[in-house]
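See below for the structure under consideration.
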Amino acid sequence: MEAYSLEPSGPIDMTMRLVMILALLGWNVLEGLSLRTPYPITMVALWSSPVWRFVLLLAIWLGAEWCPRVGLMTALAVVLYVVNMVQIVN
Numbered sequence: 001m002e003a004y005s006l007e008p009s010g011p012i013d014m015t016m017r018l019v020m021i022l023a024l025l026g027w028n029v030l031e032g033l034s035l036r037t038p039y040p041i042t043m044v045a046l047w048s049s050p051v052w053r054f055v056l057l058l059a060i061w062l063g064a065e066w067c068p069r070v071g072l073m074t075a076l077a078v079v080l081y082v083v084n085m086v087q088i089v090n
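Following this note's numbering, the residues of the sequence shown are numbered contiguously, the last one being 90.
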């Protein structure tokens, strides 16, 4: 039985990890530069749903299971989203 490795399993996995990390980095830079980011009305409306919050936690968990760097970037994106939603809703 092979030990679990954090390294990419092949060139496609490595490319997908890099694409996800760069996309989340761009999103985090865009969201981190302003406190009141204009989110789509759907994302604002979904904020009140507990299922949506569970989906956000699930996205963090799945990202971290796949690649810890993707999990960290996803968690940062969710934190920035939560901070903005608290400011927008209140």
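The beta carbon of each residue, even a glycine, is placed where N, CA and C say it ideally should be. Computed from a predicted model, the values in this text were never measured in an experiment.
Three-way DSSP call (helix, strand, coil) for residue i in this model
i     : result
PRO40 : coil
PRO68 : helix
TRP47 : coil
LEU62 : helix
LEU6  : coil
CA nearest to the CA of residue i, picked from the options
i     : options                : result
PRO28 : PHE54, MET73 and ILE41 : Reading off the sequence, residue 28 comes out as Asn, not Pro. The candidate whose alpha carbon is nearest that of ASN28 is MET73.
TYR81 : LEU30, GLU65 and MET16 : LEU30
Boundaries (first-last residue) of the alpha helix (DSSP H) holding residue i
i     : result
PRO11 : 11 to 32
Within 9 angstroms, strictly: CB atoms of residue i and residue j
i     : j     : result
ILE60 : ALA75 : yes
Presumed contact (8 angstroms Cβ cut-off) between residue i and residue j, rounded CB distance
i      : j     : result
ASN90  : THR37 : 15 angstroms between Cβ atoms; not a contact.
LEU100 : ALA64 : Shown here, the chain extends from 1 to 90; a query on residue 100 therefore has no answer.
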